[in-house]
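For reference, the structure discussed in these notes is given below.
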Amino acid sequence: MISPSIALAAAVGAPLLGCLGIWLSDKSPNLREGVTLITATVLMILSITVFLAVGNGETPQILVFEVIAGLPLAFRAEPLGAMFGVIASGLWFINSLYSIGYMRGHDEQHQTRFYMSFAVAISAAMGVAYASNLFTLFIFYEVLTLSTFPLVTHYGDDKARNGGRIYLGVLMATSIGLLLPAIVWTYAIAETTEFAAGGILSQHVDAAGPLVGVLLGLYAFGIGKAALMPVHPWLPNAMVAPTPVSAFLHAVAVVKAGVFSILKVAVYVFGVDLLRDTGAGVPFMWIAAGSILLASLIAMNQDNLKARLAYSTVSQLSYVTLGAMLATSMGVMGGATQIAAHALGKMTLFMCAGAVYVAHHKTLVSELNGLGRVMPWTFGAFFLGAMSIIGLPPMGGSWPKFFLMLGAADAGEIAIIAVLMISSILNVIYLLSIPVRAFYMEPAINGAKAQGARGKGIEWGNLKEAPLLCVLPPMLTAAGAFILFFCADPLFNYLAPLIAEAG
Numbered sequence: 038m039i040s041p042s043i044a045l046a047a048a049v050g051a052p053l054l055g056c057l058g059i060w061l062s063d064k065s066p067n068l069r070e071g072v073t074l075i076t077a078t079v080l081m082i083l084s085i086t087v088f089l090a091v092g093n094g095e096t097p098q099i100l101v102f103e104v105i106a107g108l109p110l111a112f113r114a115e116p117l118g119a120m121f122g123v124i125a126s127g128l129w130f131i132n133s134l135y136s137i138g139y140m141r142g143h144d145e146q147h148q149t150r151f152y153m154s155f156a157v158a159i160s161a162a163m164g165v166a167y168a169s170n171l172f173t174l175f176i177f178y179e180v181l182t183l184s185t186f187p188l189v190t191h192y193g194d195d196k197a198r199n200g201g202r203i204y205l206g207v208l209m210a211t212s213i214g215l216l217l218p219a220i221v222w223t224y225a226i227a228e229t230t231e232f233a234a235g236g237i238l239s240q241h242v243d244a245a246g247p248l249v250g251v252l253l254g255l256y257a258f259g260i261g262k263a264a265l266m267p268v269h270p271w272l273p274n275a276m277v278a279p280t281p282v283s284a285f286l287h288a289v290a291v292v293k294a295g296v297f298s299i300l301k302v303a304v305y306v307f308g309v310d311l312l313r314d315t316g317a318g319v320p321f322m323w324i325a326a327g328s329i330l331l332a333s334l335i336a337m338n339q340d341n342l343k344a345r346l347a348y349s350t351v352s353q354l355s356y357v358t359l360g361a362m363l364a365t366s367m368g369v370m371g372g373a374t375q376i377a378a379h380a381l382g383k384m385t386l387f388m389c390a391g392a393v394y395v396a397h398h399k400t401l402v403s404e405l406n407g408l409g410r411v412m413p414w415t416f417g418a419f420f421l422g423a424m425s426i427i428g429l430p431p432m433g434g435s436w437p438k439f440f441l442m443l444g445a446a447d448a449g450e451i452a453i454i455a456v457l458m459i460s461s462i463l464n465v466i467y468l469l470s471i472p473v474r475a476f477y478m479e480p481a482i483n484g485a486k487a488q489g490a491r492g493k494g495i496e497w498g499n500l501k502e503a504p505l506l507c508v509l510p511p512m513l514t515a516a517g518a519f520i521l522f523f524c525a526d527p528l529f530n531y532l533a534p535l536i537a538e539a540g
């Protein structure tokens, strides 16, 4: 049995070995995809090993090497990182199944490059999850940006190149221009970048000074992957990528690495007490609240299905930032559980959008009338995923909003409760209208009789669903969102150490 500490390093290294295997099996698609699935399975086992060890009270950690004195490349697992790691690895396996169905369904080019980039990106995501300090987190945060750039620009046309330039430009500019100075500044103050319970800055920053708010702003906007407005444009522009990439960006790795980093910085760099005592988080709490509402309003006006889901992601990510900036124990818990719930819900929605495209080549919401009658499994999964994103029981997404409302009440921010309620109403309008269209509205002429993307009808009896590997994965994630509703108590207890220092 591998030790949890070794599993930490292996979880980062295994996808890189898988990447090599994918490259070597370039000429054999079946072998290449087999290597991908085997690597994903191994990674899942490793992350579960770490997850269980942390749940048993252990703190797995390993020092890889020290770049210079005080700046080690090291990994350490705590509850938030262990949860992120097991979610990312589990959803990578599901996304890999989906990718096989989608890429084959479209006869996509450059599939080896596609799977290799995925492997490097999940390695970087695991590095972010298990980073022991800000230095390690920054290294893998940047690798994640660079490794996903080929995925965003996969099609290679003008639209893909333009979207890729915005993607890379915004994320690199914010990380180098804001996040890196914030890390250097933190090191200059605390003489360490190691994450610590209670916050490494809590003993070094004058609570009455303006420093906390300025430094927090550098982190809030420097972690551009959290898509806090106005540094969000990279996210909708990344929708030029194939749908498996969109699902990966929005649910598994990139955006989750962003909000995970925001929450980790709030708890382990600043400390909840420092944020609450100084009120430094209040301006960014309102920026997050504004992002929630504004992105929802924009989503309502998007006819392109992936664009609607992209702006929904901008809104939903801001729940995590909002929870961190409330600076209460329930706010932090709401943000942490939102990472898990949103991952399952939003991945379901994006994979359903891809299944529709594979089976019927539809991309617009206005084209979906009646399509649920021939794709009931796909739109049934979409309905469940939408319910979770909205926060309706019995789906897992209901708990984060409940915790956030409790956190807002604890902070005395009654207006934030109103923001959360309005947001849920807007979510109902722009998400549930899609399955309503699909199931209850009359189809356009030949709208439900379209052929598959390759000119072949993909028929199951009277149905015209996408291939099994495009339909089964969103059904699995929708089921996961349902199961998560009944796992609130064990998840809360698992994450309890995260809020032990919070008032």
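Taking our numbering, the leading residue of the sequence shown gets 38, the next gets one more, and so forth. Where is the CB? At the ideal position from N, CA and C, for every residue including glycine.
Run through DSSP, which three-state label would G494 get?
Reliability fails at G494, whose pLDDT of 43 lies under 50, so the model's placement of it is uncertain and the value that follows must be treated cautiously. Reduced to three states, the DSSP call for G494 is coil.
Kindly indicate the opening and closing residues of the beta strand (DSSP E) around I99.
Here the beta strand (DSSP E) through I99 covers 98-105.
With P270 as the anchor, note down where its beta strand (DSSP E) starts and where it stops.
Per DSSP, P270 lies in no beta strand (DSSP E) segment and is marked neither H nor E.
Which residue from I376, Q375, G360 puts its Cα closest to that of V369?
With distances taken between Cα atoms, V369 lies closest to G360.
Does the stretch 277-291 come close enough to the stretch 217-227 to have 3 or more Cβ pairs within less than 8 Å?
No: the two stretches stay apart, fewer than three of their Cβ pairs being nearer than 8 Å.
Supposed close pair P320, G259 - CB separation, criterion 8 Å
In fact, because the Cβ distance is near 16 Å, the residues do not count as touching under 8 Å.
Per-residue burial, M384 [other beta carbons within 10 Å of its own, 16 or more giving buried]
Answer is buried; the Cβ neighbour count reaches 16.
My output table needs one value for L25: the three-state DSSP class, helix, strand or coil.
The structure shown does not extend to residue 25, since the chain is modelled only from 38 to 540, so the question has no answer here.
Proximal residues to L217 (C-beta, below 8 Å), its chain only, five neighbours per side dropped
Once the five neighbours on either side are set aside, the close Cβ partners of L217 are F175, G259.
Give me the Cα-Cα distance between V157 and N132, rounded to the nearest whole angstrom.
Spanning the two alpha carbons is a distance of roughly 15 Å.
From the DSSP output, which residues share a beta bridge with L567?
In the structure displayed, the chain extends from 38 to 540; residue 567 sits before or after that span and is not available.
Start and end residues, alpha helix (DSSP H) containing R69
For R69, the enclosing alpha helix (DSSP H) has its first and last residue at 66-92.
Secondary structure at F232, three-state DSSP: helix, strand or coil?
In the structure shown, F232 sits in coil (DSSP, three-state: anything other than H, G, I, E or B).
In the DSSP assignment, find the unbroken alpha helix (DSSP H) run with F420 in it and report its ends.
Per DSSP, the unbroken alpha helix (DSSP H) holding F420 starts and ends at 413-427.
Would you call A503 buried or exposed, if buried means 16 or more other Cβ atoms sit within 10 Å of its Cβ?
So A503 ends up on the buried side.
I'd like to know whether the C-beta atoms of A48 and L89 end up nearer to each other than 8 Å.
Taking C-beta atoms as the reference points, A48 and L89 fail to come closer than 8 Å.
Helix, strand or coil: how does DSSP classify F112 here?
Strand.
Since P279 is in the alpha helix (DSSP H), which residue starts that stretch and which ends it?
Here P279 belongs to no alpha helix (DSSP H), and DSSP marks it neither H nor E.
State yes or no: is the C-beta of V304 within less than 8 Å of the C-beta of L528?
The Cβ atoms of V304 and L528 do not sit closer than 8 Å to each other.
Here's a check: name, in chain order, each residue in its chain whose Cβ is nearer than 7 Å to the Cβ of A390, leaving out the five neighbours to either side.
Once the five neighbours on either side are set aside, the close Cβ partners of A390 are T280, L342, K343, L346.
Own chain residues within Cβ distance below 7 Å of P187, not counting five before or after:
The answer, listed in chain order, is R150, S154.
Would you report the Cα separation of A332 and F476, rounded to the nearest angstrom?
So the alpha carbons of these two residues sit roughly 26 Å apart.
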